[in-house]
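> Take a look at this one; I'll ask things after.
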Amino acid sequence: MKITRERMLMVSCLILIIATSVLFLMGFLCFDGFGPIIVFLSSLAICVFSVKGIQEYHFRNKTKHPKFMFFIMRIVLRIKNNPRKIKQLLETVGVRENMKILDYGCGIGSYSIEAAKIIGKSGIVIGVDIDKNMLKTLEKRMKPSGATNIKPLLINSLEDVEDRDFDFILLIDALQLLEDKTGIIDSLLGRLSTNGKLLIKFEHFNKNEINSLLNSCSCSDKKLIYKSYWLLSN
Ligand SMILES: C[S@@+](CC[C@H](N)C(=O)[O-])C[C@H]1O[C@@H](n2cnc3c(N)ncnc32)[C@H](O)[C@@H]1O
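Residues in the sequence shown are numbered from 3 upward in steps of one, following the working numbering.
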């Protein structure tokens with residue numbers, strides 16, 4: 003079997019997870035009082051840092067994430083996305099009733115669901131992703147949340163999306179996973195309606211990288227909304 007960097011990384015991650023589980027067990031078996039809590043927190047920290055490390059490795063080396071990372075991503079998205087804050091943000095940037103919205107790299111649909119509730123039954127959100135399990139989770143979440151005006155769509159690239167003239171396009175926490183970053187921003191800008199807006203949330207980019215990306219794309223207006231959220235228009 004060929005030893006690749008990818009395989010070495012998987013093996014290191016496995017070793018880390020086993021070591022973490024052993025530490026965790028030891029904590030409960032060998033210590034009293036605060037011992038187990040301290041060991042549990044250290045194990046958790048090791049897990050979080052190893053996952054973060056693998057993520058950074060793939061972003062920096064521009065390699066594809068292994069499948070198990072998408073599984074972890076689904077869990078992380080459930081924990082970190084706060085529906086109340088997302089709703090507030092979408093209303094602040096101008097998402098209104100009746101709009102047609104594209105959520106590019108929608109994941110489990112945290113933003114799609116909140117957008118769908120704001121635009122109401124007469125609007126539509128098209129939630130697209132390359133990962134079928136993300137879309138399956140989104141489909142499961144739609145009915146209980148009352149957001150039935152979402153069309154989940156499995157894609158390989160933007161070319162698979164037939165619709166155009168979107169009032170809003172969301173590109174939240176997904177740009178870092180795409181290869182031609184300026185190209186995709188320009189293509190998304192090209193899918194906006196006359197007064198349409200593109201909302202980008204930059205994750206895993208430093209200030210210089212964000213500035214150079216925003217300067218190289220074809221938008222005529224760009225505005226920093228909040229933290230790493232930028233609103234772009236033609
Ligand atoms: C970190 S998640 C963010 C999900 C969502 N936007 C959110 O903030 O809750 C990134 C998502 O982008 C998707 N993705 C990665 N590459 C993609 C591509 N080429 N086209 C569409 N989606 C992609 C992943 O499957 C994943 O669901």
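Yeah, the Cβ is synthetic: ideal placement off N, Cα and C, and Gly gets one too. Fair warning: this is a prediction, and the values are worked out from it, not measured in the lab.
For phenylalanine 73, count the other beta carbons within 10 Å of its own beta carbon; 16 or more makes it buried, fewer makes it exposed. Which is it?
Taking the first residue of the sequence shown as 1, we reach residue 73 at position 71. Burial call: exposed.
> Within the continuous beta strand (DSSP E) that includes asparagine 197, where are the two ends?
Residue numbering aside, residue 197 sits at position 195 when the sequence shown is read from its first letter. Segment 194-203, the beta strand (DSSP E) holding asparagine 197.
> Looking at the secondary structure, which residues open and close the beta strand (DSSP E) in which serine 235 lies?
Counting from 1 along the sequence shown, the entry for residue 235 is found at position 233. From DSSP, the beta strand (DSSP E) with serine 235 extends over 231-235.
> Assign phenylalanine 51 to buried or exposed, taking buried as 16 or more other Cβ atoms, counted over all protein chains shown, within 10 Å of its Cβ.
Sequence index remark: in the sequence shown, residue 51 carries index 49 (1-based). When all chains shown are included, phenylalanine 51 counts as exposed.
> Three-state secondary structure (DSSP) at phenylalanine 26?
In the sequence shown, the residue the question calls residue 26 occupies position 24. Note: phenylalanine 26 maps to helix in three-state DSSP.
> If we ignore side chains and look at the alpha-carbon of each, how far apart do glycine 109 and arginine 76 end up?
Here residue 109 refers to the residue found at position 107 when the sequence shown is read from its first residue. Here residue 76 refers to the residue found at position 74 when the sequence shown is read from its first residue. Taking the straight line from one Cα to the other gives about 7 Å.
> Please say whether valine 127 and isoleucine 152 have beta carbons closer to each other than 8 Å?
The sequence position of residue 152 within the sequence shown is 150, counting from 1. The sequence position of residue 127 within the sequence shown is 125, counting from 1. With contacts defined as CB atoms closer than 8 Å, isoleucine 152 and valine 127 qualify as a contacting pair.
> If you reduce the DSSP assignment to three classes, tell me which class valine 97 lands in.
As a working note, residue 97 is residue 95 in the sequence shown. Of the three classes helix, strand and coil, the one that applies to valine 97 here is coil, per DSSP.
> In whole angstroms, give me the CA-to-CA distance for glycine 125 and asparagine 197.
Taking the first residue of the sequence shown as position 1, residue 125 is located at position 123. Taking the first residue of the sequence shown as position 1, residue 197 is located at position 195. Linking glycine 125 to asparagine 197 through their CA atoms gives a straight-line distance of about 16 Å.
> In whole angstroms, what separates the C-alpha of isoleucine 174 from that of tyrosine 106?
In the sequence shown, counting from the first residue as 1, residue 174 sits at position 172. In the sequence shown, counting from the first residue as 1, residue 106 sits at position 104. Spanning the two alpha carbons is a distance of roughly 8 Å.
> Taking the CB atoms as reference points, tell me whether leucine 191 and lysine 183 lie closer together than 8 Å.
To locate residue 191, count along the sequence shown from 1; it is residue 189. To locate residue 183, count along the sequence shown from 1; it is residue 181. No, Cβ-Cβ distance for leucine 191 and lysine 183 is not below 8 Å.
> Just confirm the distance between the C-beta atoms of asparagine 100 and isoleucine 115, as a whole number of angstroms; I'd bet it's less than 8 Å.
Here residue 100 is taken as the residue at index 98 of the sequence shown, counted from 1. Here residue 115 is taken as the residue at index 113 of the sequence shown, counted from 1. With a Cβ gap of about 17 Å, asparagine 100 and isoleucine 115 do not count as contacting.
> For threonine 94, does the count of other Cβ atoms within 10 angstroms reach 16, so buried, or fall short, so exposed?
Residue 94 sits at position 92 when you count from the first residue of the sequence shown. Per the 10 Å Cβ criterion, exposed.
> Check whether the stretch 200-213 and the stretch 128-136 touch, using three or more Cβ-Cβ pairs below 8 Å as the test.
no
> Whole angstroms is fine: what's the gap from isoleucine 171's alpha carbon to lysine 142's?
On the sequence shown, position 169 is the one that residue 171 refers to. On the sequence shown, position 140 is the one that residue 142 refers to. Isoleucine 171 and lysine 142: Cα-Cα distance of roughly 23 Å.
> Which residues in the same chain have their Cβ closer than 6 Å to the Cβ of aspartate 223, if we skip the five residues on either side of it in sequence?
Indexing the sequence shown from 1 puts residue 223 at position 221. Ser235, listed in sequence order.
> Of the choices Asn83, Met28, Ile103, Ser112, whose alpha-carbon is the least far from that of arginine 166?
Against the sequence shown, residue 166 aligns to sequence position 164. Checking every option, the nearest Cα to that of arginine 166 belongs to Ile103.
> From what residue to what residue does the beta strand (DSSP E) around leucine 155 run?
In the sequence shown, counting from the first residue as 1, residue 155 sits at position 153. That run of the beta strand (DSSP E) goes 152-156.
> When the Cα atoms are used, what is the spatial distance from aspartate 188 to alanine 47?
Taking the sequence shown and counting its residues from 1, the one referred to as residue 188 is at position 186. Taking the sequence shown and counting its residues from 1, the one referred to as residue 47 is at position 45. Distance between the alpha carbons of aspartate 188 and alanine 47 is about 38 Å.
> Does the Cβ of leucine 180 lie closer than 7 Å to at least one heavy atom of ligand 1?
Translated into positions along the sequence shown, residue 180 becomes position 178. At least one heavy atom of ligand 1 is nearer than 7 Å to the Cβ of leucine 180, so yes.
> I'd like to confirm the pairing. Which residues does DSSP put opposite phenylalanine 170 in its beta bridges?
Here residue 170 corresponds to residue number 168 of the sequence shown, with the count starting at 1. Per DSSP, Ile103, Lys199.
> Bridge partners of tyrosine 228, per DSSP?
Locating residue 228 in the sequence shown gives position 226, counting from the first residue. Paired residue(s): Tyr231.
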